[in-house]
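Before any comments, here is the structure.
There are 4 protein chains.
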Amino acid sequence: MSHEQSVKKIVLAYSGGLDTSIILRWLQNNYKCEIVTFTANIGQGKDIEMAREKAKFMGAKEVYVENLCEEFVRDFVFPMLRANTLYEGTYMLGTPIARPLIAKRQIEIAEETGADAVAHGATSKGNDQLRFELSYYALKPDIKIIAPWREWNLKSRTSLMDYAKKHHITVPMDKCGATPFSVDANMLHVSSEGKVLEYPEVQAAEYIWSNSISPEEAPDEPTVLDIDFENGDPVSIDGERLSPAGILLKLNELGSMNGIGRLDLVENRFVGLKNRGLYETPGGTILHIAHRAIESITLDREMGHLKDELMPRYAKLIYNGFWFAPEREMLQSAIDFSQYAVSGTVTMKLYKGNALVVSRKSVNSLFSADWVTFEDSSLNDYNDKDATGFIKLNALRLRLKKILQA
Amino acid sequence: MSHEQSVKKIVLAYSGGLDTSIILRWLQNNYKCEIVTFTANIGQGKDIEMAREKAKFMGAKEVYVENLCEEFVRDFVFPMLRANTLYEGTYMLGTPIARPLIAKRQIEIAEETGADAVAHGATSKGNDQLRFELSYYALKPDIKIIAPWREWNLKSRTSLMDYAKKHHITVPMDKCGATPFSVDANMLHVSSEGKVLEYPEVQAAEYIWSNSISPEEAPDEPTVLDIDFENGDPVSIDGERLSPAGILLKLNELGSMNGIGRLDLVENRFVGLKNRGLYETPGGTILHIAHRAIESITLDREMGHLKDELMPRYAKLIYNGFWFAPEREMLQSAIDFSQYAVSGTVTMKLYKGNALVVSRKSVNSLFSADWVTFEDSSLNDYNDKDATGFIKLNALRLRLKKILQA
Amino acid sequence: MSHEQSVKKIVLAYSGGLDTSIILRWLQNNYKCEIVTFTANIGQGKDIEMAREKAKFMGAKEVYVENLCEEFVRDFVFPMLRANTLYEGTYMLGTPIARPLIAKRQIEIAEETGADAVAHGATSKGNDQLRFELSYYALKPDIKIIAPWREWNLKSRTSLMDYAKKHHITVPMDKCGATPFSVDANMLHVSSEGKVLEYPEVQAAEYIWSNSISPEEAPDEPTVLDIDFENGDPVSIDGERLSPAGILLKLNELGSMNGIGRLDLVENRFVGLKNRGLYETPGGTILHIAHRAIESITLDREMGHLKDELMPRYAKLIYNGFWFAPEREMLQSAIDFSQYAVSGTVTMKLYKGNALVVSRKSVNSLFSADWVTFEDSSLNDYNDKDATGFIKLNALRLRLKKILQA
Amino acid sequence: MSHEQSVKKIVLAYSGGLDTSIILRWLQNNYKCEIVTFTANIGQGKDIEMAREKAKFMGAKEVYVENLCEEFVRDFVFPMLRANTLYEGTYMLGTPIARPLIAKRQIEIAEETGADAVAHGATSKGNDQLRFELSYYALKPDIKIIAPWREWNLKSRTSLMDYAKKHHITVPMDKCGATPFSVDANMLHVSSEGKVLEYPEVQAAEYIWSNSISPEEAPDEPTVLDIDFENGDPVSIDGERLSPAGILLKLNELGSMNGIGRLDLVENRFVGLKNRGLYETPGGTILHIAHRAIESITLDREMGHLKDELMPRYAKLIYNGFWFAPEREMLQSAIDFSQYAVSGTVTMKLYKGNALVVSRKSVNSLFSADWVTFEDSSLNDYNDKDATGFIKLNALRLRLKKILQA
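Chains as they are written, first to last, in full-length UniProt numbering: chain A, 1 to 406; chain B, 1 to 406; chain C, 1 to 406; chain D, 1 to 406.
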């Protein structure tokens, strides 16, 4: 991969920010070809339309700006939540789950516009490059990929700023100096990492948390809410049916107001380095806890345990960028199979960082109290002696082992 | 298993409470043999010595009362915490981890006193009978086991009370009526379940939580503390070296004061029923979170991921009563192997139900900032082109699949 | 479960042999109710029609005799083969895979005939009782189950013979004495176990192998054949399209003639005992090897590895009797997902106990020679430097660990 | 990695063959530094001493020739066999298990001789480069690695021959043309792959199999032998105690004579390509089957099942080159833990490609016949009613599911 590769037209994942603007210009200068920009609204909360103007102004031949919020939540976030997904026990994968969607749409635009290359702004030591590029390759194996951060020699902040100045790219006043850390935002989460945060022994300053009120500052009164699930996905809040993005939007609002979903962790990157990240996932955290609660009364024990054992592997696939790999789809088919009866209502209490299950109910409930109600029927034949037999046969191999191998 | 089985001497796991007192008398009446009582102090916080007096008064031939707190934490709780153990994603296994210790000591006492049988007070639809009896059988395969709740016909509270009255067993005033739920307590947790709690759709009343202040009532000021780990186990708090039980005691105090570790869940029993439980695990919850944090900077990625994938199975073994099974020991050997470098300090903030990691540090830290410091050495040869190769070979099978099976 | 339970009508899984004939009479005598017999032809190779006559003669009210061979192979054997299923590394599960089908049809007949109970002839220390009864319960939870071998007191061969004589049941001459071992047969395998075989240190006599020629006696000339697969299932032999049962029949013939598929092993039963079994699975063994071969060129690596890791658990579920459990179906959905491109032709050579893959081809082949043919296209950009990057990033965590934790 | 990197002294893994002789010369010419050659005898069956002479003649400064056969079998092959290791269900990993040993000794020699670099002759699309280099890096993270096949431009056979001629390297007559496939050999196996074999649809010619007689040519009389195991490892053959290498040598002789252990497969490489390989592993195949047989009577069921589920992952680690990674060692600790009672004798029959278990016995046998012998003791309390209870509680969740979610 060198810039000498001959390229006809490039679709750039363009945020409208300084870095991808520099990339846009750099691509124009180095590849001497048409650039199509693509800006996805996945809930990052910035003025997306500004990206359109900026791209046009800088000479992009075709400019795509699209709202993918519903697709993002429906086809990426919710399927992932069905698996109770946590990477390394804690991380809800807000960034990794968004990249495949952007990559997929970028490839589609390449096909629509006859582009033969795609480009992105991810750096060379991170995981995002993997999430973009593995998706590109899986969907269109002959695509040419340009990763400027691995190609150019603008390695320092200063050289970047010089390049911007030299090529007439507007640098916002607050970007003249280096930002103290980098941020990624979408409907599921806001992440902060890098630079000042690269010291796991140093507490993160409060100002870094941009997407949620701190538990300390959260209201003294709890918020109580009902979430309805159907076949493993949330469908309404307090009885109001909402679209997938509507659900997440509402829960983000309630969660962030109550200090829910902050996480400060050190995680393992696919490239072999450890990374310290600060994640704010207010709505996702509520949904994760609520989903486990509705599963707790509706999901068969062994399906649940199988899900628990497969989950770390499923999470790792998403984290590493293998959303469009066949083994992720294979796991998804098992996970989705398990969700047919995962319907019902969970009542949650949100209070100063806590998202607590207060109650759960379902017409599909497998809870044993229902069994007790069959007390007089032939069904309820739980017999005390049955337990003796169950224990004795479970113990048999242990006893034999002790006798015969002592 | 019927009371006609001939028994010479029985070691009874005796709490000193009403139920096991009735069992003590019932064993005397039905088995017409000597009874040895064994009461273990594992931090349940009751007057253990009272059990001694009561057992003697009721005619037990030999009376064992022992403090097993240190052994409990050192040999059971800490090994389990090394695995980041959570049953069904959330439950810290406070009850299941205590039963094997009691069973083990009971079997030792049977051997010391020449008893040929053991008895316990666990009921016939729960998991505790499995945890006791699988342990008994694994350790002494020819032991006779008496489980009165599966044998007698004292099925209702009334018949129990009648039996007590008829056989001159003192019934505490507050036990005349049925308790509204049952409680199990030890150093790791207090659990509440049964009766009024058997309705997962009904919120648990505040009074049921006996071991912790609610988040709402917890102090407005956070508590910040340091926990030092060595080879996967906590060894000191705020610089003060403490015994295993000392560590847990201190953290229980700080945790319960700050509303940490409450859990209201529905779990799956081994016998096939679902169960609603309320668990309070203040110190254990803090240790769980802190242990993950110290692992996050000291544990190799792939060892960590392997641990995560094995954990649900390990948790299930403990939950189901297989602590003394060889497959639990086999998993433990892998888990313990992984902990040799898991040493260092985690700073936590406790605040109204939140146990938050503030910072972590270790001389064994694998965090990449250390890598960066090798900037000028031959070691730091992370090359941007390396990432290209890494991505391309990871993508190769995906590209081939798309090309050849499209 | 005692014979005092009141029962209206019983569907008995009836083989027509001596044991189930005694059971038929015993049920009539003890339950004083109507008996429906059900005899399934699943390729056991006996005169099934004789069972019909015998059942009528003995007074069965309704007599079902059905050929289930196609359903057996299509819906049970082939789905299992898709997973490359081997229990404990070697056993192809010929007996366990047949029981759920018989149980399913028995339950359907119970519903058709208004029966409230089912009965089977499996003994009390084996696994077959689990396979029958877990299937019964999963499909019809209120069914009454009668397992005569766990109920009656005909514990010795002599008492059985006495009972037969006393109740006018014809005992074939060769059954007067005890058979030296017991046999189960169906389209997938013939198993022999028990009695003389219960000494794992004693070599099995040649006469015990009833379903195959020994390698020594097999022809000196190899048999070569082609097997075509579509979506993971075999569909034709040497170009001739056959039904599922037709495929297995043909391969059984070729396999047994060439001494293929004998297995002498000790396996672990669910009830906690070890069991020595002799299995002959000629056609199944050929299909197992051929299926792996067609997967070897058509299945994505990571789907294949996931299948390999899930397989032992899937095999255990079938062995233990959980075919109709939701977790088996959940695994099946993942396994079946993986098979969409597993189509093509495998050429095998059969020779004196060896079933060898000679060649395999597929229009879906992922084999890299195809990659090489892209030599001149932009697709084939495998770059030697890519390997360097791939290796270096895979090594990074290992290097850091050695440097930082040495 | 370019030849401009400054290098002081290189330890080359040197076979003595043409390719590594060319590499030796190329390193001298391009790196202008001292070369140390290292030739390991791991049973490849060539004249190792010739390599010494050749290296000296070509001007190597230091020449190491060492017999590592015992270490290879004891510390690499046997630990792997304890896990019943098969990659992708069939491959015994003869090549991958040898590379880490060579790499380890190479690194030790680098330290002994003050070398700062190592070099090997593995090509750029294979897995061996990973096995060498991941081992180098894991053991000595600051080592410089030279992989000539990824550096030079001698891409065709012709250019290699030209280079040899130009630099006065003797080319054996039979190497003037390209060999039709490439071979790797050690005590565990001989592999053949590449070139004419790169067509999975073409049957391999008989002459390619160099390490074993074909089943057809094998003797008409079977060979019967006893193998004794202690703690999971074989220790004697027919009662004669042998060293690890002695065991494997003897079994290779018996196995290859009887046509045992041939395998023709397509496997998945770590780099993303599929590979067709022909493997001959006569002794290893016998040991694999015998080890499973001794485990079948001595290993606890659940330890065995856990091993079976972990095995594919363990095999993949070895295949991919992660022998010295901590997660491989972590798995090994669990595997080794399980072997403490895996001792006893297996009798095998070898006949024309078949390696059949004839009998197995052990003082640690857990086989249930031993249980039967306790018939009169209190131990043998297997009760027919126990099975009823065992079944009913295993069925409970299935019944509840059917009732409540139908």
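Where is the CB? At the ideal position from N, CA and C, for every residue including glycine.
Alpha carbon to alpha carbon, what distance is there between B/T285 and B/L299?
-> Going from the Cα of B/L299 to the Cα of B/T285 covers about 20 Å.
Going by the CB atoms, is the gap between C/N354 and D/P215 shorter than 9 Å?
-> Yes; because the gap between Cβ atoms is below 9 Å, this pair is in contact.
Minimum Cβ-Cβ distance from A/H305 to chain C less than 9 Å = At least one chain C Cβ lies under 9 Å of A/H305.
Is DSSP giving C/G284 helix, strand or coil here?
-> Of the three classes helix, strand and coil, the one that applies to C/G284 here is helix, per DSSP.
State the start and end residues of the unbroken beta strand (DSSP E) segment that holds B/M348.
-> Bounds of the beta strand (DSSP E) holding B/M348 are G344 to Y351.
Label residue 407 of chain A either buried or exposed according to how many other C-beta atoms from any shown protein chain fall within 10 Å of its C-beta, with 16 as the threshold for buried.
-> With chain A covering 1 to 406 only, the question about residue 407 of chain A has no answer from this structure.
Given residue 461 of chain D as reference, the closest of B/A341, B/P326 and B/V73 once Cα atoms are compared | Limits of chain D in this structure are 1 at one end and 406 at the other, which puts residue 461 of chain D out of reach.
Below 6 Å CB to CB, which residues in the same chain sit around A/L251 once its five sequence neighbours on both sides are set aside?
-> The answer, listed in chain order, is G283 and I286.
Quick one: list the residues of chain B neighbouring A/T90, beta-carbon separation under 8 Å, in chain order.
-> Among the residues of chain B, those whose CB is under 8 Å from the CB of A/T90 are R292, following chain order.
For a contact meaning CB atoms closer than 9 Å, what does A/Q203 contact in chain B?
-> In chain order: T347, K349, V358 and S359.
Those residues which DSSP pairs with B/V266 across a bridge = In the DSSP output, where bridge partners are listed per residue, B/V266 has B/R276.
Are any of the Cβ atoms in chain A nearer than 9 Å to that of B/G353?
-> Yes, B/G353 counts as interfacial toward chain A.
Backbone CA spacing between D/S365 and A/Q405 [nearest angstrom] | Looking at the two C-alpha atoms, the distance is approximately 8 Å.
B/E309: contacting residues in chain A (beta-carbon distance under 8 Å) = Neighbours of B/E309 across chain A, judged by C-beta separation under 8 Å: E309, P312 and R313.
Using alpha carbons as the reference points, say which of A/K9, A/Y137, A/L331 and A/E206 lies closest to A/P79.
-> The shortest Cα separation from A/P79 among A/K9, A/Y137, A/L331 and A/E206 belongs to A/L331.
Spatial neighbours of C/V342 in its chain, beta-carbon cut-off 7 Å, leaving aside the 5 residues before and after | Within the same chain, C/V342 has close Cβ partners F229, N231, G232, I294, E295, T298 and L299.
Where do the N-terminal and C-terminal ends of the beta strand (DSSP E) with C/K9 fall, by residue?
-> From DSSP, the beta strand (DSSP E) with C/K9 extends over K9 to A13.
Quick one: give me the first and last residue of the alpha helix (DSSP H) that C/I109 is part of.
-> C/I109 -> alpha helix (DSSP H) spans R99 to T113.
Around the C-beta of D/A40, are 16 or more other C-beta atoms found within 10 angstroms, so that it is buried, or is it exposed?
-> So D/A40 ends up on the buried side.
Using only alpha-carbon positions, find the residue among A/S191, A/I107, A/V358 and A/N211 that is nearest to B/A205.
-> If we check each option's Cα against that of B/A205, A/V358 comes out closest.
Let me know if B/F57 comes out buried or exposed under the rule of 16 or more other beta-carbons within 10 Å of its beta-carbon.
-> Around the beta carbon of B/F57, a 10 Å sphere encloses fewer than 16 other beta carbons of the protein chains shown; the residue is thus reported as exposed.
Considering only residues of the same chain and omitting the five flanking positions on each side of B/E70, which have a CB-CB separation below 8 Å?
-> Its chain contains S243, P244 and A245 as the residues whose beta carbon lies nearer than 8 Å to that of B/E70, once the 5 sequence neighbours on both sides are disregarded; these appear in chain order.
Specify whether the segment 109–127 of chain D and the segment 269–277 of chain D touch according to this definition: at least 3 beta carbon pairs, one from each stretch, less than 8 Å apart.
-> The segment 109–127 of chain D is in contact with the segment 269–277 of chain D.
Which class does A/L396 belong to by DSSP, given the choice of helix, strand or coil?
-> For A/L396, the secondary structure class from DSSP, reduced to helix, strand or coil, is helix.
Contacts around A/G389, its chain only, beta-carbon distance under 7 Å, and the 5 residues preceding and following it disregarded | Contacts found: none.
Go through its chain and collect everything with a Cβ distance to C/R82's Cβ below 6 Å, but skip five positions before and after it.
-> The residues are G232, I335 and Q339.
Under 9 Å between C-beta atoms of C/A119 and C/I23 = Yes.
Please classify C/F229: does DSSP put it in a helix, a strand, or coil?
-> C/F229: strand per DSSP, three-state reduction.
Quick one: what does DSSP say C/I294 is sitting in, helix, strand or coil?
-> If DSSP states are grouped into helix, strand and coil, C/I294 belongs with the helices.
Reference D/W149, options D/P96, D/S159, D/P141 and D/K140, closest by Cα = For the residues D/P96, D/S159, D/P141 and D/K140, the minimum Cα distance to D/W149 belongs to D/S159.
Select from A/Y14, A/V202 and A/I318 the residue whose C-alpha is nearest the C-alpha of A/G277.
-> Per the Cα distances, A/V202.
CA-CA distance, A/K43 and A/M187?
-> A small correction: the amino acid at residue 43 of chain A is Gly; Lys does not occupy that position in the sequence shown. So the two alpha carbons sit approximately 4 Å from each other.
Return the CA-CA distance between A/D308 and B/P312, expressed in angstroms with no decimal places.
-> Looking at the two C-alpha atoms, the distance is approximately 6 Å.
Inter-stretch contact at 8 Å, needing at least 3 Cβ pairs: the segment 83–96 of chain A / the segment 106–118 of chain A | Note that the segment 83–96 of chain A does not touch the segment 106–118 of chain A; fewer than 3 beta-carbon pairs, one per stretch, sit closer than 8 Å.
What are the boundary residues of the alpha helix (DSSP H) that includes D/E49?
-> Element bounds for D/E49: I48 to F57.
Which word fits B/A395, buried or exposed, when buried means at least 16 other C-beta atoms lie within 10 angstroms of its C-beta?
-> Counting the other CB atoms within 10 Å of its CB gives B/A395 a total of 16 or more, which places it among the buried residues.
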